[in-house]
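Chains as they are written, first to last, in this note's numbering: chain R, 158 to 355; chain S, 158 to 355. Even glycine gets a Cβ: it sits at the ideal position worked out from N, Cα and C. Given the structure is predicted, the values throughout are model-derived calculations rather than measurements.
There are 2 protein chains.
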Amino acid sequence: MSDSTTIDVPESSAATKGKAPLMGAPRHERGGFKKGIAIFDFVLRIGAIVCVLAAAASMGTSDETLPFFTQFFQFQASYDDLPTFQYFVVAMALVGGYLVFSLPFSVVTIIRPHAVGPRFLLLIMDTVALTFNTAAAAAAAAIVYLAHNGNPNTNWLAICNQFGDFCQKVSGAVVASFVAVLLFVVLVVLSGLVLRKH
Amino acid sequence: MSDSTTIDVPESSAATKGKAPLMGAPRHERGGFKKGIAIFDFVLRIGAIVCVLAAAASMGTSDETLPFFTQFFQFQASYDDLPTFQYFVVAMALVGGYLVFSLPFSVVTIIRPHAVGPRFLLLIMDTVALTFNTAAAAAAAAIVYLAHNGNPNTNWLAICNQFGDFCQKVSGAVVASFVAVLLFVVLVVLSGLVLRKH
Numbered sequence: 158m159s160d161s162t163t164i165d166v167p168e169s170s171a172a173t174k175g176k177a178p179l180m181g182a183p184r185h186e187r188g189g190f191k192k193g194i195a196i197f198d199f200v201l202r203i204g205a206i207v208c209v210l211a212a213a214a215s216m217g218t219s220d221e222t223l224p225f226f227t228q229f230f231q232f233q234a235s236y237d238d239l240p241t242f243q244y245f246v247v248a249m250a251l252v253g254g255y256l257v258f259s260l261p262f263s264v265v266t267i268i269r270p271h272a273v274g275p276r277f278l279l280l281i282m283d284t285v286a287l288t289f290n291t292a293a294a295a296a297a298a299a300i301v302y303l304a305h306n307g308n309p310n311t312n313w314l315a316i317c318n319q320f321g322d323f324c325q326k327v328s329g330a331v332v333a334s335f336v337a338v339l340l341f342v343v344l345v346v347l348s349g350l351v352l353r354k355h
Numbered sequence: 158m159s160d161s162t163t164i165d166v167p168e169s170s171a172a173t174k175g176k177a178p179l180m181g182a183p184r185h186e187r188g189g190f191k192k193g194i195a196i197f198d199f200v201l202r203i204g205a206i207v208c209v210l211a212a213a214a215s216m217g218t219s220d221e222t223l224p225f226f227t228q229f230f231q232f233q234a235s236y237d238d239l240p241t242f243q244y245f246v247v248a249m250a251l252v253g254g255y256l257v258f259s260l261p262f263s264v265v266t267i268i269r270p271h272a273v274g275p276r277f278l279l280l281i282m283d284t285v286a287l288t289f290n291t292a293a294a295a296a297a298a299a300i301v302y303l304a305h306n307g308n309p310n311t312n313w314l315a316i317c318n319q320f321g322d323f324c325q326k327v328s329g330a331v332v333a334s335f336v337a338v339l340l341f342v343v344l345v346v347l348s349g350l351v352l353r354k355h
């Protein structure tokens with residue numbers, strides 16, 4: 158089992174088996190280019206994991222209790238109070254989990270730059286993850302904007318005057334998730350670039 | 158020019174030029190498959206245009222004036238009242254414009270199924286459009302959820318009790334834009350599929 162990957166097949170045997178010489182010169186020339194992109198892909202994934210986990214952690218730990226309270230009520234803000242922020246944490250956790258899960262596939266594309274299957278799988282999964290990540294980031298951004306500015310037309314008052322620390326943490330989480338969105342767009346385009354050069 | 162695609166290069170000459178016979182039989186066999194995907198791509202784009210324009214129109218015409226008013230105030234709701242909805246209309250208009258602009262490129266991929274350049278361009282642009290479309294749809298969905306349910310923790314009251322028609326139109330716009338998001342995901346995956354078979 159340990160030797161199975163080191164078997165070296167002579168080049169002539171490929172021809173006798175009736176296969177087109179796809180592994181010939183043109184592919185070797187492009188191997189370096191593809192390998193470089195694959196390594197860049199891996200680095201981008203690490204960066205996206207950091208962004209997504211930072212966003213989830215920042216949002217998940219964002220609660221603030223004001224230092225005064227009445228007999229019946231204590232003023233407190235937490236991400237639990239807003240369903241959009243709950244969805245944000247769940248989506249970030251899912252996207253982060255997917256990214257960790259995708260690292261082995263990225264390693265496979267580094268080792269075998271010409272493998273089309275893993276690359277295509279990554280393209281599909283990255284596109285879906287991009288959609289979830291963007292949706293979570295944009296929805297949270299809409300709520301954060303509302304928390305900062307309020308809306309006089311609907312009588313929704315800004316809460317960031319009272320809960321400054323809460324808003325700061327939440328805003329940081331939104332920014333981190335938008336950075337992850339940018340990285341995902343680059344990842345999808347890179348996958349297309351590699352498939353194009355196939 | 159009309160005969161340029163029918164030139165049949167003998168297989169032996171490919172070997173002497175040191176090129177792998179990538180232009181041989183496999184390409185002709187795949188031509189129909191690629192053409193079919195290109196036509197499907199075109200149809201999906203038409204569907205996405207319909208969805209996006211319906212979303213923009215529904216949101217843009219959503220205003221409701223209640224049939225009673227006080228001396229100083231008339232109760233009215235419009236998409237203008239919420240910055241998120243304004244962004245939604247602008248983003249939908251931009252995405253719709255891009256989709257119309259992308260139709261000629263889609264036609265080129267139908268006529269020349271093996272052309273890689275237009276296909277790769279469509280992949281990049283579709284990914285960016287997907288991101289904008291998802292962001293607009295998710296942000297509007299977060300606000301619509303708030304308008305329907307309100308949030309007791311932040312004292313944001315639901316406004317859909319008063320402005321029922323407004324909420325219905327806005328919700329329809331959000332649903333239409335999410336359908337467009339789904340179509341965009343399929344478009345990106347199809348582009349990857351065609352590039353993979355290149």
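| said: Assuming R:Leu287 and R:Phe341 are in contact, meaning their beta carbons sit under 8 Å apart, how far apart are those beta carbons, in whole angstroms? | reply: As a working mapping, residue 287 of chain R is identified with position 130 in the first sequence. As a working mapping, residue 341 of chain R is identified with position 184 in the first sequence. Right, their Cβ atoms sit about 4 Å apart.
| said: Give me, in chain order, the residues of the same chain whose beta-carbon lies closer than 6 Å to that of R:Phe335; leave out the 5 immediate sequence neighbours on both sides. | reply: Taking the first residue of the first sequence as position 1, residue 335 of chain R is located at position 178. If we look at R:Phe335 and ignore the five residues flanking it on each side, its Cβ neighbours are Ala294.
| Assigned secondary structure, R:Ser219 (DSSP; H/G/I helix, E/B strand, else coil) | For the purposes of this step, residue 219 of chain R is taken as residue 62 along the first sequence, with counting starting at 1. Three-state result, R:Ser219: coil.
| task | Determine whether the Cβ of R:Pro275 lies closer than 8 Å to any Cβ atom of chain S. | result | Indexing the first sequence from 1 puts residue 275 of chain R at position 118. It does not; no Cβ of chain S falls within 8 Å.
| request: Taking 8 Å as the cut-off, decide whether the C-beta atoms of R:Lys192 and R:Ile300 are in contact. | output: Here residue 192 of chain R corresponds to residue number 35 of the first sequence, with the count starting at 1. Here residue 300 of chain R corresponds to residue number 143 of the first sequence, with the count starting at 1. For R:Lys192 and R:Ile300, no; Cβs fall outside 8 Å.
| said: With a threshold of 8 Å between beta-carbons, can R:Ile194 be considered close to chain S, or not? | reply: If you number the first sequence from 1, residue 194 of chain R lands on position 37. No - not a single Cβ of chain S is within 8 Å of the one on R:Ile194.
| query | Nearest-angstrom Cα distance between S:Ala298 and S:Phe277? | reply | Within the second sequence, residue 298 of chain S is the residue found at index 141, counting from 1. Within the second sequence, residue 277 of chain S is the residue found at index 120, counting from 1. Cα to Cα, S:Ala298 sits roughly 31 Å from S:Phe277.
| Comparing alpha-carbon positions, which option in R:Glu221, R:Ala248, R:Leu344, R:Met282 lies nearest R:Gln325? | Working through the first sequence from its first residue, we reach residue 325 of chain R at position 168. Considering only alpha carbons, the answer is R:Glu221.
| said: Less than 6 Å between C-beta atoms, sequence neighbours within five positions excluded: which residues of the same chain meet that for S:Ala304? | reply: Numbered from its first residue, the second sequence carries residue 304 of chain S at position 147. Same-chain partners within the cutoff: Ile316, Cys317, Cys324.
| query | Quick one: what's S:Gln319 bridged to in DSSP? | reply | Against the second sequence, residue 319 of chain S aligns to sequence position 162. Looking at the DSSP assignment, S:Gln319 forms no beta bridge with any residue, so it has no partner.
| S:His305, enclosing alpha helix (DSSP H) - first and last residue | The residue given as residue 305 of chain S occupies position 148 in the second sequence. From DSSP, the alpha helix (DSSP H) with S:His305 extends over 273–306.
| message | With a threshold of 8 Å on Cβ separation, who are the neighbours of S:Val345 within its own chain once the five nearest residues in sequence on each side are excluded? | response | The residue you call residue 345 of chain S lines up with position 188 of the second sequence. Counting only Cβ-Cβ distances below 8 Å, and skipping sequence neighbours, we find Leu280, Asp283, Thr284, Leu287.
| R:Ala298 at chain S interface by Cβ criterion, 8 Å | Sequence index remark: in the first sequence, residue 298 of chain R carries index 141 (1-based). So, interface residue.
| query | Beta-carbon separation of R:Ala296 and R:Met249 under 8 Å? | reply | Sequence index remark: in the first sequence, residue 296 of chain R carries index 139 (1-based). Sequence index remark: in the first sequence, residue 249 of chain R carries index 92 (1-based). No. Outside cutoff.
| query | Got a sec: is the Cβ-Cβ distance from S:Asn318 to anything in chain R below 8 Å? | reply | What you label residue 318 of chain S is simply residue 161 of the second sequence in a count that begins at 1. For S:Asn318, the answer is no, since every Cβ of chain R falls outside 8 Å of its Cβ.
| task | Kindly say whether R:Gly217, judged by its beta-carbon, lies nearer than 8 Å to any beta-carbon of chain S. | result | Residue 217 of chain R sits at position 60 when you count from the first residue of the first sequence. Not closer than 8 Å to any Cβ of chain S, the Cβ of R:Gly217 fails to qualify, so no.
| message | Going by C-alpha to C-alpha distance, which of S:Ser235, S:Gln243, S:His271 sits closest to S:Phe320? | response | What you label residue 320 of chain S is simply residue 163 of the second sequence in a count that begins at 1. With distances taken between Cα atoms, S:Phe320 lies closest to S:Ser235.
| said: Within the continuous alpha helix (DSSP H) that includes R:Pro270, where are the two ends? | reply: Locating residue 270 of chain R in the first sequence gives position 113, counting from the first residue. Premise fails: R:Pro270 is in no alpha helix (DSSP H) and is neither H nor E.
| field | Buried/exposed call for S:Phe232, threshold 16 Cβ in 10 Å | value | As a first step, residue 232 of chain S must be located in the second sequence, where it is residue number 75. Exposed, since its Cβ has fewer than 16 Cβ neighbours within 10 Å.
| request: Measure the alpha-carbon distance for S:Ala292 versus R:Leu223 and round it to whole angstroms. | output: Along the second sequence, read from residue 1 onward, the residue named residue 292 of chain S stands at position 135. Along the first sequence, read from residue 1 onward, the residue named residue 223 of chain R stands at position 66. Approximately 33 Å between the Cα atoms of the pair.
| task | Grab me the residues of S:Ala101's own chain with a C-beta within less than 7 Å of its C-beta, minus the 5 sequence neighbours each way, in chain order. | result | Only positions 158 to 355 of chain S appear in this structure, which leaves residue 101 of chain S out of reach.
| request: Count the other CB atoms, across all protein chains shown, that sit within 10 Å of the CB of S:Gly217; report buried if there are 16 or more and exposed otherwise. | output: Here residue 217 of chain S corresponds to residue number 60 of the second sequence, with the count starting at 1. Burial call: buried.
| Taking Cβ to Cβ, would you say S:Cys208 is nearer than 8 Å to S:Ala330? | Translated into positions along the second sequence, residue 208 of chain S becomes position 51. Translated into positions along the second sequence, residue 330 of chain S becomes position 173. No, they are not a contact pair.
| said: Assuming S:Gly349 and R:Ser348 are in contact, meaning their beta carbons sit under 8 Å apart, how far apart are those beta carbons, in whole angstroms? | reply: Position 192 of the second sequence, counting from 1, holds the residue named residue 349 of chain S. Position 191 of the first sequence, counting from 1, holds the residue named residue 348 of chain R. Their Cβ separation, rounded to whole angstroms, is 7 Å, which keeps S:Gly349 and R:Ser348 in contact under 8 Å.
| Residues that R:Gln243 bridges to, as DSSP identifies them | Your numbering for residue 243 of chain R matches position 86 in the first sequence. None, per the DSSP bridge assignment.
| If you drop the 5 nearest sequence neighbours on each side, which residues of the same chain put their C-beta closer than 8 Å to that of R:Phe199? | For the purposes of this step, residue 199 of chain R is identified with residue 42 of the first sequence, where counting begins at 1. Contacts found: Leu260, Ser263, Val264, Ile267.
| Does any CB atom of chain R fall closer than 8 Å to the CB of S:Gly349? | Here residue 349 of chain S refers to the residue found at position 192 when the second sequence is read from its first residue. Output row for S:Gly349: interface = yes.
| query | Grouping DSSP H, G and I as helix and E and B as strand, with all else coil, what is S:Pro309? | reply | Taking the first residue of the second sequence as 1, we reach residue 309 of chain S at position 152. Coil.
| message | Quick check: the Cα distance between S:Phe190 and S:Leu339, rounded to an integer number of angstroms? | response | Counted from its first residue, the second sequence places residue 190 of chain S at position 33. Counted from its first residue, the second sequence places residue 339 of chain S at position 182. Approximately 23 Å, taken between the alpha carbons.
| message | Tell me which residues share the same chain as R:Trp313 and place their Cβ nearer than 7 Å to its Cβ, disregarding the 5 neighbours each side in the sequence. | response | As a working note, residue 313 of chain R is residue 156 in the first sequence. Cβ neighbours of R:Trp313 beyond the five flanking positions: Leu303, Gly307.
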